[in-house]
């Protein structure tokens, strides 16, 4: 439901900022309740899964020595004997302050685990984001400029092959070829104990990073191809050509720059899905990020950790879509939320 | 000049038609267009080959996919075992054929159920609107706020692993996009004049909605079903590879690939994981080709 705003129709520049502000507020008005509902569902899931915080705090061997009175005292100290709504309120206020509780295995605070693992995931995602954007834009532009040629069809088919191969299978084959057969790159892992500067573990990121990029390139390529085709069919291209500009200038300076806008928005939108997208790749390459932590939490039935990571990923998704919507509205005044 | 040759062409077609030379065209226009797309036809052929060989697995192989034979452990491909045997002497070829049954069932089954729920709900709420529509939209937004794989893994950790659970989980994670797409189509279709005509005749709401409007939205729905099937087959393979999908005792494509986590198998026993990885890739590729061909043949706005 896209509607031209009044300001854009009548052409009142002074009202532009006001519209932007109400737009952002209205968007927040949808996002915040959404987060609350999802956090409630997540909390419900936590409550329904077996065990409570106290039973996990007590060492299993010492459990027989803890009297039921002591147990009750501990429950009371943690606020576990209050009713469900009160407990939920306490939990939410803790989460807002960054206190997600403790992991069941080892009792480490979840915030510590997340902060520990997040840099690795961000590093991998950023690498893949940069390379897939580069490859995707270049290949998509070539495809659009050579529309209908064998190059175009070959690239389109390659893109479809890219989205059809299971990412972990692609990862395994690349491990076999580059790590085991030619011994060029390490099989997996991230940090080597003695060397901990960034450049020492550069070889470790190449394989998982490139595999992830290849998987994501197809989408960017397809999108930038159609954006480029769209931009090339506009009238300013004809104007540029009639001015007698060289063909490369028309394509790159005039065509590509306009095509870039929707592509940039797409990339912004991909940022949070990268967290999801790298889950399996992290596992294949033993990359110590959030994804592999999430999988081992699922395996070990570490419910508080599973729920916290899921909640954080939802938060990242909602924030990114908020930012993308605002960016889109800023760039294109025709797009406003109805 | 161009006009003259075009006129000439039209005259020629007209003459052929008058002479009764043009064959009466069979099937729907979209289907004929699909058959004219070489990639879609190639996709259909590969799809049928893999589907039929899974269905007729007992005819194609004499081996039992579950039978452990410790005398024939880790054999390389031979005339007896086409794709060799695994660590417990089970025939890999038989496991791929029988595994295809489960993998295709999970992929196709979940996407069909997700389509029934998503399309059924989207068609109704998109047509009637009001608070029903708002509630359904908000519920779908909740499901779609999660990155897909995070939601699937979260539900696996709550529900536990089984074949049925996996299908339910895929349906839960996939109905949202079907719902959103159908609803969006309904929102524009309900403004059409034929709908007003039907309303003024007093045709019941449900009949207008499902019998008269919905068929107009079938093209994109079919495309969505095929692409979702491809996605679910990849998801099943990925989850089973992690050991979190279908229980390991049931052969599926992902479960067969699971052994490749062991780096010694990866390096020394290629036949245990390479063929099945190729089969998954070809199957998903064929489904994607079909879906893409269907999109081209049903969506007139996409002529690029």
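Residue numbers (this note's numbering), protein chains in the order written: chain A, 123 to 460; chain B, 438 to 741.
Glycine included, each C-beta is placed from N, C-alpha and C at the ideal position.
query: In chain A, which residues lie less than 7 angstroms from residue 725 (chain B) when you measure between Cβ atoms?; result: 282, 285, 286
query: How about residue 509 (chain B): is its C-beta nearer than 8 angstroms to some C-beta of chain A?; result: no
query: Which same chain residues, not among the five before or five after residue 368 (chain A), have their C-beta less than 6 angstroms away from its C-beta?; result: none
query: Please report how far the alpha carbon of residue 520 (chain B) lies from the alpha carbon of residue 526 (chain B), in whole angstroms.; result: 12 angstroms
query: Hey, is the segment 330-343 of chain A in contact with the segment 245-263 of chain A, meaning 3+ C-beta pairs nearer than 8 angstroms?; result: yes
query: Given a threshold of 16 other Cβ atoms within 10 Å of its Cβ, counted over all protein chains shown, does residue 689 (chain B) qualify as buried or as exposed?; result: buried
query: Between the alpha carbons of residue 449 (chain A) and residue 352 (chain A), how many angstroms are there, rounded?; result: 20 angstroms
query: Quick one: list the residues of chain B neighbouring residue 263 (chain A), beta-carbon separation under 8 angstroms, in chain order.; result: Simply none; closest approach about 14 angstroms.
query: Thinking C-alpha only, which one of B:619, B:618, B:644, B:649 is nearest residue 631 (chain B)?; result: B:649
query: Hey, residue 373 (chain A) and residue 267 (chain A) are a contact pair by Cβ (cut 8 angstroms); roughly how many whole angstroms apart?; result: 6 angstroms
query: Could you check where the alpha helix (DSSP H) with residue 363 (chain A) kicks off and where it finishes?; result: 357-364
query: At a threshold of 7 angstroms, does residue 365 (chain A) count as lining the ligand HEM (C-beta to nearest heavy atom)?; result: Summarising the ligand content, the structure contains no ligands, and the ligand HEM is consequently not present.
query: What is the C-beta distance between residue 715 (chain B) and residue 663 (chain B), in whole angstroms, given that I count them as a contact (C-beta under 8 angstroms)?; result: About 21 angstroms; that fails the 8 angstroms criterion.
query: Decide if residue 502 (chain B) is buried, meaning its Cβ has at least 16 other Cβ atoms within 10 Å, or exposed.; result: buried
query: With a threshold of 6 angstroms on Cβ separation, who are the neighbours of residue 134 (chain A) within its own chain once the five nearest residues in sequence on each side are excluded?; result: Caution is warranted here: a pLDDT of 42 is assigned to residue 134 (chain A), below 50, making its placement in the model unreliable, and the coordinate value is therefore given only provisionally. Around residue 134 (chain A): no qualifying Cβ.
query: So, helix, strand or coil for residue 231 (chain A), using DSSP?; result: strand
query: What residues from the segment 574-590 of chain B come within 7 angstroms of chain A, judged by C-beta to C-beta, listed N to C?; result: 578, 579, 582, 583, 584, 585, 586, 587, 590
query: In chain B, which residues lie with their C-beta within 9 angstroms of the C-beta of residue 156 (chain A)?; result: 575, 578, 579, 582
query: Counting only beta-carbon atoms, is residue 595 (chain B) nearer than 8 angstroms to chain A?; result: yes
query: So, residue 624 (chain B) versus residue 682 (chain B), is the Cβ gap smaller than 8 angstroms?; result: no
query: Could you compute how far the alpha carbon of residue 136 (chain A) sits from the alpha carbon of residue 376 (chain A)?; result: Note on residue 136 (chain A): pLDDT 42, under 50, position unreliable in the model; no value is reported.
query: Confirm, please, whether the CB-CB distance from residue 676 (chain B) to residue 589 (chain B) is below 8 angstroms.; result: yes
query: Classify residue 445 (chain B): buried if its beta carbon has 16 or more other beta carbons within 10 angstroms, exposed otherwise.; result: exposed
query: Mind checking whether residue 724 (chain B) and residue 480 (chain B) have CB atoms under 8 angstroms apart?; result: yes
query: Determine the DSSP secondary structure at residue 523 (chain B), reduced to helix, strand or coil.; result: coil
query: Which residues, in chain order, does the segment 211-234 of chain A contribute to contact with chain B at a C-beta distance below 7 angstroms?; result: none
query: Nearest-angstrom Cα distance between residue 126 (chain A) and residue 670 (chain B)?; result: Residue confidence for residue 126 (chain A) is low, a pLDDT of 43 falling below 50, so the modelled location carries little weight; the figure read from the coordinates is stated next. So the two alpha carbons sit approximately 41 angstroms from each other.
query: Assign residue 665 (chain B) to one of two classes, buried (16 or more other C-beta atoms within 10 Å of its C-beta) or exposed (fewer than that).; result: buried
query: Nearest CA to the CA of residue 380 (chain A): which residue from A:388, A:371, A:441, A:349?; result: A:349
query: Keeping to the same chain, check which residues put their C-beta closer than 6 angstroms to that of residue 83 (chain A); ignore five residues upstream and five downstream.; result: Only positions 123 to 460 of chain A appear in the structure, and residue 83 (chain A) is not among them; the question remains open.
query: Leaving out the 5 sequence neighbours to the left and right, which residues in its chain are closer than 6 angstroms to residue 131 (chain A) when beta-carbon positions are compared?; result: Because the pLDDT at residue 131 (chain A) is just 42, under 50, the model does not fix this residue reliably, and the value given afterwards should be weighed accordingly. Cβ neighbours of residue 131 (chain A) beyond the five flanking positions: none.
query: Quick check: what's the CA-CA separation for residue 478 (chain B) versus residue 647 (chain B)?; result: 31 angstroms
query: In chain order, what residues of the same chain lie with their CB nearer than 6 angstroms to the CB of residue 717 (chain B), ignoring the 5 residues before and after it?; result: 674, 690
query: Kindly indicate if chain B contains any beta-carbon less than 8 angstroms away from that of residue 207 (chain A).; result: no
query: Alpha helix (DSSP H) containing residue 217 (chain A): first to last residue?; result: 206-218
query: Given a cut-off of 8 angstroms on the beta-carbon distance, is the pair residue 329 (chain A) and residue 300 (chain A) in contact?; result: yes
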